[in-house]
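Q: Sharing a structure here in structure tokens format.
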Amino acid sequence: MECLGSKPIPPSHKAPHRSQRWYPIACGLLLLLALLAHTTTGADLKERARAALLLEKPNGPASCQVQTPQPCPPSKFRSASGECNNFNHRYWGARGDPFIRLLQPDYADGRLKPRTSVGSHALPTPDVIVNQLQRSVDEKAIHPHITAMLPAWGQLLAYDLVQILSPNSRYRCCRNQTEETVEDVVQCYVRMGEGCREYKRSIPSHDPTSCEFHYRDQMNAASGFLDGSGLYGTTEKEIHALRTFLNGKVDTAACLRCNEPGAIGALHTVLLKEHNRIADQLAKLNAEWSDTTLFYETRRIVMAQIQHITYSEFLPILLGSQITNNPDLRLENGGYYSGYSSANRAGMFAEVAVGAVPAFLTMLPPDMYNDSMSAEILLSSPAMQQTFIPDHASFNDEWTPISLAIQRGRDHGVPAYHKAINLCEKRFGKPFGEKLSFEDMQYFGLGQGKREVLESMYQDPEDIDLLIGGLMETP
């Protein structure tokens, strides 16, 4: 367990609020969009987390046991967990699978310690970054046509694609500001001094079919496929809790997320009512179908509706038609996609999960009844209220979602902004040499004022967090 110190933390403020399209992040966003989620460790995933932690020890690989996956049974319907989506690779993209990466992770020790600066100086704390952004935004610019439904749909996708776990433990690093040995699953990354704040490191995972260890990968407790699991659940137990077992219908009163305020709760309610409407129609057309058949056939249709809205309406707005009209990405008016390969590694990208999509939180308007969405406002109090984010019970109340997202990106070893730029340099901007300057960032939509803001926060442009660099770009 680690307890790491830093300088005192200034009081927290509101967090960034901005509608953006991110050039370097677009590589990972083309098919997958998500939002951060927080919960405690599921009992069924603890063993996998322990195995991942054991692999990190010096003799870990020697004591590891490779699992031989059971053959996937034939099934017309997707599993709740996402297992067997790929018959040749049972666990790829399934609940508990590690986040996959677009870039080599940037850990301080090359293996698992949270990312630090490129020099001897310290990275700015998340609070310093948020506070500086608050002082430098233009709060009057309004987007001409994008509404609050865009981030609301993004949050719906977040529940479907990403769930980051933290240990469920009463251990408090702020009360024990020295290294101590505790339960293996509990690892803390704490800041010392005034405003001591606890951050329990995200639970790791590994490929159970391999005993190799190169660096820490974090666990995704959601299915990495856009399969409606955020609506129906990622376990059979969760699905059963939602079903009425009568004519294939679901009980909207059993939906916890339907009770969330704002558009996200309304979207869950509408989609479940749509499920019941479709189930009624299918029952009339197929009187011989059982309740189970009606439920799973209806679930398939609702999944398809979510996918269609996402690919045909959501992504073109978010990424722009220039990207989504690419022949390899454009939806066909008829027929089916024929380019599937079981060798393609499915899953959720770490850079997208913690380095990009927390920006959806910054896109919610100050007034949820406003018919337009702020594009330039980086900060909005209603956007940052905790009702828009899952349980924060194991964190100090001073954490805001954006400051937490910055901290989590460093915990996960998500590389800095300039490395994402280099990944996409053939498509965006000019190629760079070995060193990036603040002046170079003008080629990525950053005007002089924004470059000056970044320079006031970071000592080196190669320290800029991926999320913050993306938020500062011009849409």
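Here the sequence shown stands for residues 40 to 514, numbered as in my numbering.
C-beta: ideal position from N, C-alpha, C; glycine also.
1. Opposite residue 258 in the DSSP bridges: which residues?
2. Just how far apart, CA to CA, sit residue 297 and residue 193?
3. Buried or exposed for residue 64, going by 16 or more other Cβ atoms inside 10 Å?
4. Report the rounded CA-to-CA distance for residue 366 versus residue 491, giving the unit in angstroms.
5. Along the alpha helix (DSSP H) that carries residue 196, what are the first and last residues, could you check?
6. By Cβ distance, which residues of its chain are closer than 7 Å to residue 435, with the 5 residues on each side in sequence left out?
7. Tell me, to the nearest whole angstrom, how far the beta carbon of residue 495 is from that of residue 165; I am working on the premise that it is less than 8 Å.
8. From what residue to what residue does the beta strand (DSSP E) around residue 205 run?
9. If you draw a straight line from the alpha carbon of residue 155 to that of residue 354, how long is it in whole angstroms?
10. Assuming residue 482 is part of the alpha helix (DSSP H), what are its boundary residues?
11. Residue 140 and residue 95: beta carbons closer than 9 Å?
12. Assuming residue 444 and residue 505 make a contact with CB atoms under 8 Å, what is their CB distance in whole Å?
13. Taking the beta carbon of residue 160 as the centre, do at least 16 other beta carbons fall within 10 Å, making it buried, or is it exposed?
14. Spatial neighbours of residue 501 within its chain, please: CB distance less than 6 Å, with the 5 preceding and 5 following residues excluded, ordered by chain position.
15. Measuring only the C-alpha atoms, how far is residue 507 from residue 477?
16. Exposed or buried, residue 239, counting other C-beta atoms within 10 Å across all chains shown (16 or more means buried)?
17. From the DSSP output, in three-state form, read off residue 236 for me.
18. If you run the structure through DSSP and keep just helix, strand and coil, what is residue 353?
19. Return the residue from the list 310, 460, 252 and 108 that minimises the CA-CA distance to residue 97.
20. Kindly indicate the opening and closing residues of the alpha helix (DSSP H) around residue 335.
21. From residue 259 to residue 361, what distance separates their C-alpha atoms?
22. For residue 138, does the count of other Cβ atoms within 10 angstroms reach 16, so buried, or fall short, so exposed?
23. Determine the closest residue to residue 285 out of 170, 273, 315 and 263, with distance taken between C-alpha atoms.
24. Thinking residue 269 and residue 195 are a contact (beta carbons under 8 Å), I'd like their distance in whole angstroms, please.
25. Mapping DSSP to helix, strand and coil, what is residue 241?
26. With a Cβ-Cβ cutoff of 9 Å, do residue 132 and residue 385 count as a contact?
27. Please report how far the alpha carbon of residue 411 lies from the alpha carbon of residue 357, in whole angstroms.
28. Take residue 345 as the anchor and find which of 306, 290, 274 and 244 has the nearest alpha-carbon.
29. Could you tell me which residues DSSP puts in a beta bridge with residue 515?
30. For residue 263, is the classification buried or exposed, using 16 other Cβ atoms within 10 angstroms of its Cβ as the cut-off for buried?
31. So, for residue 247: in the same chain, excluding its five sequence neighbours on each side, which residues have a beta-carbon less than 6 Å away from its beta-carbon?
32. So, under 8 Å CB-CB, residue 244 and residue 459 are touching, yes? Tell me the CB distance rounded to an integer number of Å.
33. On the premise that residue 453 lies in contact with residue 352, defined as a C-beta separation below 8 Å, what is that separation, rounded to the nearest angstrom?
34. Does residue 490 come out as helix, strand or coil in the three-state DSSP assignment?
35. Go through its chain and collect everything with a Cβ distance to residue 117's Cβ below 7 Å, but skip five positions before and after it.
A: Concretely, from the data shown:
1. Assignment of beta-bridge partners to residue 258 by DSSP yields 137.
2. Between the alpha carbons of residue 297 and residue 193 lies a gap of roughly 16 Å.
3. Reliability fails at residue 64, whose pLDDT of 33 lies under 50, so the model's placement of it is uncertain and no value is given.
4. If I take the Cα positions, the gap works out to 39 Å.
5. Element bounds for residue 196: 188-200.
6. With a pLDDT of 43 at residue 435, under the threshold of 50, the modelled position of this residue cannot be trusted; read the value that follows with caution. Answer for residue 435: 236 and 237, listed in chain order.
7. Not really, about 15 Å apart at Cβ, beyond 8 Å.
8. It spans 203-205 - the beta strand (DSSP E) in which residue 205 sits, taken as one unbroken run.
9. When rounded, the distance between both Cα atoms is 33 Å.
10. Looking at the DSSP string, residue 482 is not in any alpha helix (DSSP H), and its letter there is neither H nor E.
11. It is not a contact, given that the beta carbons lie outside the stated cut-off.
12. In fact, because the Cβ distance is near 10 Å, the residues do not count as touching under 8 Å.
13. By the neighbour-count rule (16 or more Cβ atoms within 10 Å), residue 160 is not buried but exposed.
14. These residues qualify, in order along the chain: 157, 455, 457 and 475.
15. Roughly 14 Å separates the two Cα atoms.
16. A residue is called buried once 16 or more other Cβ atoms fall within 10 Å of its Cβ, and residue 239 is buried on that count.
17. Correct three-state label for residue 236: strand.
18. Looking at residue 353 - three-state DSSP - the assignment turns out to be helix.
19. Closest option to residue 97, judged by alpha-carbon separation, among 310, 460, 252 and 108: 252.
20. Where residue 335 is concerned, the enclosing alpha helix (DSSP H) stretches over 330-348.
21. It is roughly 31 Å from the alpha-carbon of residue 259 to the alpha-carbon of residue 361.
22. Classification for residue 138: buried.
23. Among 170, 273, 315 and 263, the Cα nearest to that of residue 285 is on 315.
24. About 7 Å; that satisfies the 8 Å criterion.
25. Here residue 241 sits in coil by DSSP.
26. Residue 385 sits close to residue 132, with the two beta carbons spaced by under 9 Å.
27. Note that residue 411 has pLDDT 36, beneath the 50 cutoff, so the model's placement of it is unreliable and no number is given.
28. Nearest in C-alpha terms to residue 345, of all of 306, 290, 274 and 244, is 306.
29. In this structure the chain extends from 40 to 514, so residue 515 is not present and cannot be described.
30. Residue 263 counts as buried, since no fewer than 16 other beta carbons sit within 10 angstroms of its beta carbon.
31. Closer than 6 Å at Cβ, skipping near neighbours: 106.
32. Residue 459 and residue 244 do not touch by the CB rule: their CB atoms are close to 23 Å apart, not below 8 Å.
33. The beta carbons of residue 352 and residue 453 sit about 28 Å from each other, so the pair does not count as a contact at 8 Å.
34. Of the three classes helix, strand and coil, the one that applies to residue 490 here is helix, per DSSP.
35. 124 and 266.
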